[in-house]
Amino acid sequence: MNNFIPVNEPLLNGNEKKYVMECIDTGWISSEGPFISRFESEMAAAVQREHGIAVANGTAALEIAMEALQLQPGDEVILPTFTIISCAAAIVKAGAVPVFVDSDPLTWNMDVEQIEAKITSRTKAIMVVHIYGLPTDMDPVLALAKQHQLYVIEDAAEAHGQTYKGKPCGSFGDLSIFSFYPNKHITTGEGGMIVTNDPVLADRCSSLRNLCFQPTRRFVHEQLGFNYRMTNMQAALGVAQLERLSETVARKREMGRLYRELLGDVEGIRLQSTHTDYAENIYWVFGIVLEDQIVQSVERVTDALKARQIGTRPFFWPMHEQPVFQKMGLVSNERFPHAEQLARRGFYVPSGLALTDQQIHIVADELKAILKGE
Ligand SMILES: *Cc1c(COP(=O)(O)O)cnc(C)c1O
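In structure tokens, the structure reads:
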């Protein structure tokens, strides 16, 4: 598999090694150590926030964020059905009920015009998730949240360096979260962060991250928390990665442009919008949706790509079709046609930062040949 083009390969060629070695040389390898607070404050500043709370991964960040809202059983949280399980799982684990909204077929984000109809007297929050490189249209969401006094949770796990009307993604929610998994624009291997301007929520999040130890009487607990701490070594990677965020975003956009140039007029495929009136795509991943005129299934196409040494991933499978939530009685028989189509007909091609232009050409050529039945 020597020439295999993986769906993602990170790039760690800045100060990553130097900073991680510093952790080892100084012995600061646990969650105490200078890179943690440095990464927290630099990341928070990058998205115009007062507080950053570094955690073990993006899923942990969502769980802590939902727990910090202190919801009651039966409270409802509105979110897109087309997202990763972490979002809905965090809502369910906090004792609340997820309420789903369909996707916009062009941006693949939550169709914000469908939110209002889902608001009830039990609604407590809206969770927005910026999908695959384009942000959710925030103004209507923020207006509804204000009108109905709802929290906004912003999942910016795929949107480091993205902006909405010029303001950073991650700056919009009462609590916003990032993931630093290796396919994200900033990686710490595993890692995540919650950012906020609210000092009370920030305190709750940092306590929940650390088992709710108390400042005095450390081993006496008033509340159950998690051990979701990040290590100093992970934060060291994060500091180095953050130094290069604007370069990273520029390169992702360049990769997106090249893919579009090569695939833009292929019959029968649909790509995510290049831009909206509030943002330009940063192509977290380069997604492709097969239109009905392509008779081959996604499995067929991605198997063929794999045989030609090219890695892919299917799109998210929507939350309302998750067996786990069906078994829990959390879904009705409501349909979400756009999300269902994305899930059934979408996949993404290699999009990692280590990908070269030459590899992008190979991926595009092979895909075109497969779609033509060659
Ligand atoms: C990656 C991702 C997460 C989860 O992050 P992990 O660090 O993998 O737990 C959450 N939400 C979205 C939208 C993601 O893309």
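In terms of numbering that gives the first Met the number 0, the sequence shown has 1 at position 2, counting the first letter as 1, and numbering is strictly consecutive. For every residue, glycine included, the Cβ atom is placed at its ideal position computed from N, Cα and C.
Item to check | Contact set for Ser296: own chain, Cβ-Cβ below 7 Å, skip 5 residues either direction | outcome: Sequence-distant Cβ neighbours of Ser296 in its own chain, meaning closer than 7 Å and more than five residues away, do not exist here.
Checklist entry - Under the DSSP definition of a beta bridge, which residues are partnered with Glu153? => result In DSSP, Glu153 forms a bridge with Val127 and Ser175.
Next on the checklist: According to DSSP, simplified to helix, strand and coil, what is Ala93?
Outcome noted: Three-state result, Ala93: coil.
Item to check | Backbone CA spacing between Thr355 and Pro139 [nearest angstrom] | outcome: Rounded to whole angstroms, the gap between the alpha carbons of Thr355 and Pro139 is 38 Å.
Item to check | C-alpha gap between Asp136 and Val128, whole angstroms | outcome: It is roughly 10 Å from the alpha-carbon of Asp136 to the alpha-carbon of Val128.
Checklist entry - Roughly how many angstroms lie between the CA atoms of Leu223 and Ile152, to the nearest whole one? => result Each residue's alpha carbon lies about 22 Å from the other.
Next on the checklist: As a quick exercise: from Tyr258, Ala278 and Arg216, pick the residue whose alpha carbon is nearest that of Leu270.
Outcome noted: Closest by alpha carbon: Tyr258.
Next on the checklist: Do Asp154 and Met126 have their beta-carbon atoms positioned less than 8 Å apart in this structure?
Outcome noted: The answer is yes: Cβ separation under 8 Å.
Next on the checklist: Can you tell me where the beta strand (DSSP E) holding Ala53 begins and where it ends?
Outcome noted: For Ala53, the enclosing beta strand (DSSP E) stretches over residues His50 to Val54.
Next on the checklist: So, for Ile361: in the same chain, excluding its five sequence neighbours on each side, which residues have a beta-carbon less than 7 Å away from its beta-carbon?
Outcome noted: For Ile361, where only same-chain residues beyond five positions count, the Cβ hits under 7 Å are Ile4.
Checklist entry - Straight-line CA distance for Thr186 to Ser272? => result The alpha-carbon atoms of Thr186 and Ser272 are separated by roughly 25 Å.
Checklist entry - Straight-line CA distance for Leu11 to Leu149? => result Rounded to whole angstroms, Leu11 to Leu149 spans 40 Å at the Cα level.
Checklist entry - Is the CB-CB distance between Glu260 and Ile309 below 8 Å? => result Contact flag unset, no.
Next on the checklist: I'd like to confirm something about Leu61: is its beta-carbon nearer than 7 Å to some heavy atom of ligand 1, or not?
Outcome noted: Yes.
Checklist entry - Below 8 Å between beta carbons: does that hold for Gly32 and Asn231? => result Remark: C-beta atoms of Gly32 and Asn231 approach each other more closely than 8 Å.
Checklist entry - Asn209 to Arg228, Cα distance in whole Å? => result Between Asn209 and Arg228, the alpha-carbon positions lie close to 6 Å from each other.
Next on the checklist: Using a 10 Å radius around the Cβ and a threshold of 16 neighbouring Cβ atoms, would you call Ile23 buried or exposed?
Outcome noted: Answer is exposed; the Cβ neighbour count stays below 16.
Next on the checklist: Which of the three DSSP states is assigned to Val98 in this structure?
Outcome noted: Strand at Val98.
Checklist entry - Which term fits Met327, buried or exposed, when burial requires 16 or more other beta carbons within 10 angstroms of its beta carbon? => result Met327 is exposed by the Cβ-count criterion.
Next on the checklist: Going by beta-carbon coordinates alone, are Phe315 and Ala353 separated by less than 8 Å?
Outcome noted: Against a cut-off of 8 Å, the Cβ pair of Ala353 and Phe315 comes out as no contact.
Checklist entry - Comparing alpha-carbon positions, which option in Ala239, Asn280 and Glu290 lies nearest Gly16? => result The residue you asked about is not Gly; residue 16 is Lys in the sequence shown. Ranking Ala239, Asn280 and Glu290 by CA distance to the CA of Lys16 puts Ala239 first.
Item to check | One or two residues paired with Leu289 in a DSSP bridge | outcome: Answer is Ile268.
Checklist entry - Which residues share a DSSP beta bridge with Lys16? => result For Lys16, no pairing in a beta bridge is given by DSSP.
Checklist entry - Do three or more CB pairs link the segment 103-120 to the segment 187-204 at distances below 8 Å? => result Contact between the segment 103-120 and the segment 187-204 is absent, because fewer than three Cβ pairs lie under 8 Å.
Checklist entry - First and last residue of the alpha helix (DSSP H) that includes Val294? => result Annotation: Val294 is outside any alpha helix (DSSP H) and is labelled neither H nor E by DSSP.
Checklist entry - Candidates Ala303, Thr311, Leu244 and Leu207: which alpha carbon is nearest Asn14's? => result Residue Leu244 is the option with its Cα nearest to Asn14.
Checklist entry - Where does Pro79 fall in DSSP's three states? => result Here Pro79 sits in strand by DSSP.
Next on the checklist: I'd like to confirm something about Arg373: is its beta-carbon nearer than 7 Å to some heavy atom of ligand 1, or not?
Outcome noted: The question names Arg, but residue 373 in the sequence shown is Glu. Result no, Cβ not under 7 Å from ligand 1.
Item to check | Helix, strand or coil at Ile374 according to DSSP, with G and I counted as helix | outcome: Past the edges of the chain, shown from 0 to 373, lies residue 374, and the structure says nothing about it.
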